Every structure is written in C-alpha cells, then in structure tokens.
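This is the structure:
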C-alpha cells in the first residue's frame, strides 16, 4: 500500500507553518528560516543541503532522515515552487532550488494555472496540475508508478494550505511536525477547520534537546 | 522579589486554552476536561482533588506540584469563578468549588461588576475588582502582604483571556503550559496578539510519557 506522508514541517506554538508576506527574497515571509533552523543548522541533512558532510546523529536527525526513503513522488502547493501569483509570466523560473532541486522524483505542483512540465538531470520533474487533493493524489501515484527506481509513497511537501487540504480530505497517513517554541503571530495556520482530527491517528510528542518538539500523527497504511 | 506565575494551563495544539460555550454544566465548554485530564486523572495532585491519596511521582507530578509553594494570592478572570455574565443576580453562587475552594489564599476575581468579598473557613477569600492587570497585581500583592502565613508570589489562575492580558502587559515571569495533543478547533486562544513573546523568556519543552508536552516560558524574578 502507498502511504501519504508529511515530514519535517516546522510549526510555531500558535500553529503557523509559514509566515506572512512571501516574496522572492523571503520564501517564508516574516518567519524567515525560524521554523526550519532546527533542521538546516542542526542536522546532517542540513549540512548536506549546504554541500557539507558529517554531523551528529541526534533525535532531530532520526526524524529528518525519514523524509526520503520509500517516497516516489511529492505533491506541493504552488507557493512552495514559486513566489509568483496568478498566470505565469516568468517562464524562466524553474523553482526556488536552481538546477538541482533536492527531490529526485516527480513533483506535482498544484496550481490553477497549468504549464508544461519541467525536467531536471537529477530525476526531478515538475508537473503542474489544477486538481482536487484526491485527483492530484491519483495523478501523483501514476507518476510514481512510471519510475521503477523509486518507492510507492507520496510526500505532501507543503505549504500549510496544501497539507491542511489533504488532512481535511483524510488523505494523509503520517504527519510529522516540528513544533518550534516561538509565537509567530501571523502567516498560514495549519489547524483551521481540523477540529478533533487527532481521533484518526496515533499521536506522539517527543521533545528534543534542540528545543523543538517532534509531533507525529500516524496510522497504518 | 515577588514573581508572577502561571501553572498547569492545558492548551491544545491549535492554541486554545479553553473550549467554546461555557455553562454551569460545562465549565470548559466543548473542551470538557480534555485539557486537564493529564492532571486530574494522572497525578497525585489530581487524586488529592478527588479526596484520594497516593500515586506515582512522574514528570507531570513534578510540574504540577509547583502550583502552590511560594504563592500568596491568585488572580483569576471572572469566568474561572462563575459561568454567569453581566451584573450578578445569583449572590448565593460562591464559585465552582463549593465550601472548600482549593486555594487557601486571597483570590482576586477580575470583573466589571464588583461585589462584596466572600470568605471561606480554609483561608480562601475572593475579592472582586474591576481593574487593569497592573492595578489588579498591585492589589493582589497587598492582599498577600496581609497574610504572614503565605508566600509572596502571585499566581495568574486563568482563564486564557486573563493570562493573555497579563502576558501582553509583560507582567508574567513564569508560564507553564501543558500542550495536549488535540485540535480543539474553537474556544479561547492564548497566543493572539503575543507575536515574538518568546524573546522575553527562556523557553523549555519537555515531553511526558503521558502524551502532554510541558512548555515553560520563564525568567528571573
């Protein structure tokens, strides 16, 4: 069975998973990197992103490294791909990541403005779909099935609006949050409209010496 | 120096510290006891409230037992004293707790409708004040100073609106929350208007085997 998973999503104590005012210079708005520093500055995964190596193997690493194994495709909201809104005008834009997007899989970008797919040498292919969560999931699984070298699971990559929509549609089997002990005050809330969603999951909370708390909502899939 | 402290405040993942729809039968609205079960069902303190004794000494107990030592007075919002709104009509109402309110100290009840104080045999005295947080704090410290048998510290007893107002006025030195892994969806939010309040505090998060996460905002006082 193919599970649908969310990993390494930073969230503030007041429930914001990204800040207000996304722009080209501030992908996370006024939050800056505060919801991600635990991962970017503090883990082996973060070092690899910066082209470095080494690092300790902390509880944060144990969670972070679950990000990729078994995954065959990612689904993301448009804002994770680009800061632009409305019809595409800059067709040179190929995502925040330059020539080596750190996915290596097909990626479904949800947008009301479909455009041709974009393929990279490292196996990342962005497909742009205007679709409901359920239809996007079916399409994503199809993309994954075409790749023998990848797993069957689907990662919902964010942002918070996309994750919330998939949770509301009861399409997520594993949700890993890192609660960062800050009060962000503004931005996109994850939990709106999800009252009592814990009833569908086994929930665990594990505090890390780094200061974050890993919260998982998980179920068999 | 007299510190101002909050203890054992249950809060949901989405930041609600009490539910919607308080009534005589439902002091915490639709939340029921879900934000307090970790304490009421799971600690020695909870057993004592139920007239029982014994119990383990868990991390939850370690936090809970800090509730009383050093405290000379409590300040609470009116809703913690009574479900009634507007001018007092039921003067027989002496609080949710019957003849033995579990305080044993002066208690300042914030209300726009002052009324005569109510005294109990166990040392609890409710005083009803229409005052700003700073003025209420000054009055509370005066009440505490009149009692040689008590400590100097002030406990802000809730509910969330009262705690939020004291946080906004920068009058709180120690805030202990127990994050309960539920999405409450509705009720009173603690964090509104408190963006970046963590800058004033040392923050710790400690997960308990019971499932809650103890989060403390603390500073020297």
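Chains as they are written, first to last, in our numbering: chain A, 1 to 221; chain B, 1 to 221. Note that CB positions come from ideal geometry on N, CA and C, so glycine has one too. Just so it is clear, the structure is predicted and the values come from calculations on it, not from any experiment.
Asked: Where do the ends of the alpha helix (DSSP H) carrying residue 171(A) lie?; Found: Careful: residue 171(A) lies outside any alpha helix (DSSP H) and carries neither H nor E.
Asked: What in chain A is Cβ-close to residue 191(B), meaning under 7 Å?; Found: 13, 14, 183
Asked: Touch check for the stretch 130 to 140 of chain A and the stretch 88 to 102 of chain A: three-plus C-beta pairs under 8 Å?; Found: no
Asked: Inspect the beta-carbon positions of residue 9(A) and residue 158(A) and report whether they are closer than 8 Å.; Found: yes
Asked: Could you give the DSSP three-state label for residue 202(A): helix, strand or coil?; Found: strand
Asked: Residue 53(B) touches chain A at which residues, Cβ-Cβ below 9 Å?; Found: Residues of chain A passing the Cβ test: none, with the nearest at roughly 29 Å.
Asked: According to DSSP, simplified to helix, strand and coil, what is residue 28(B)?; Found: coil
Asked: Say whether chain A places a C-beta atom closer than 8 Å to the C-beta of residue 205(B).; Found: yes
Asked: To which residues does DSSP link residue 106(A) through a beta bridge?; Found: 125(A)
Asked: May I ask you to report which of helix, strand or coil DSSP gives residue 34(A)?; Found: coil
Asked: Are the beta-carbon atoms of residue 213(A) and residue 197(B) separated by less than 8 Å?; Found: no
Asked: Taking the alpha helix (DSSP H) that residue 44(A) belongs to, which residues open and close that run?; Found: 44 to 49
Asked: Which word fits residue 1(B), buried or exposed, when buried means at least 16 other C-beta atoms lie within 10 angstroms of its C-beta?; Found: exposed
Asked: If I measure Cβ to Cβ from residue 7(A) and keep anything under 7 Å in the same chain, skipping five residues before and after, which residues do I get?; Found: 66, 67, 155, 176
Asked: What does residue 98(B) pair with, by DSSP beta-bridge criteria?; Found: For residue 98(B), which the question treats as bridged, DSSP gives no partner whatsoever.
Asked: Consider the Cβ of residue 6(A): report whether some Cβ of chain B lies at a distance smaller than 8 Å.; Found: no
Asked: Name the residues in the stretch 57 to 85 of chain A whose C-beta lies less than 9 Å from a C-beta of chain B; which are they?; Found: none
Asked: In the DSSP assignment, find the beta strand (DSSP E) that holds residue 140(B) and state where it starts and stops.; Found: Here residue 140(B) belongs to no beta strand (DSSP E); instead the alpha helix (DSSP H) covers 133 to 145.
Asked: With burial defined as no fewer than 16 other Cβ atoms inside 10 Å of the residue's Cβ, what is the status of residue 173(A): buried or exposed?; Found: buried
Asked: For chain B, is any of its Cβ atoms less than 8 Å away from the one on residue 186(A)?; Found: yes
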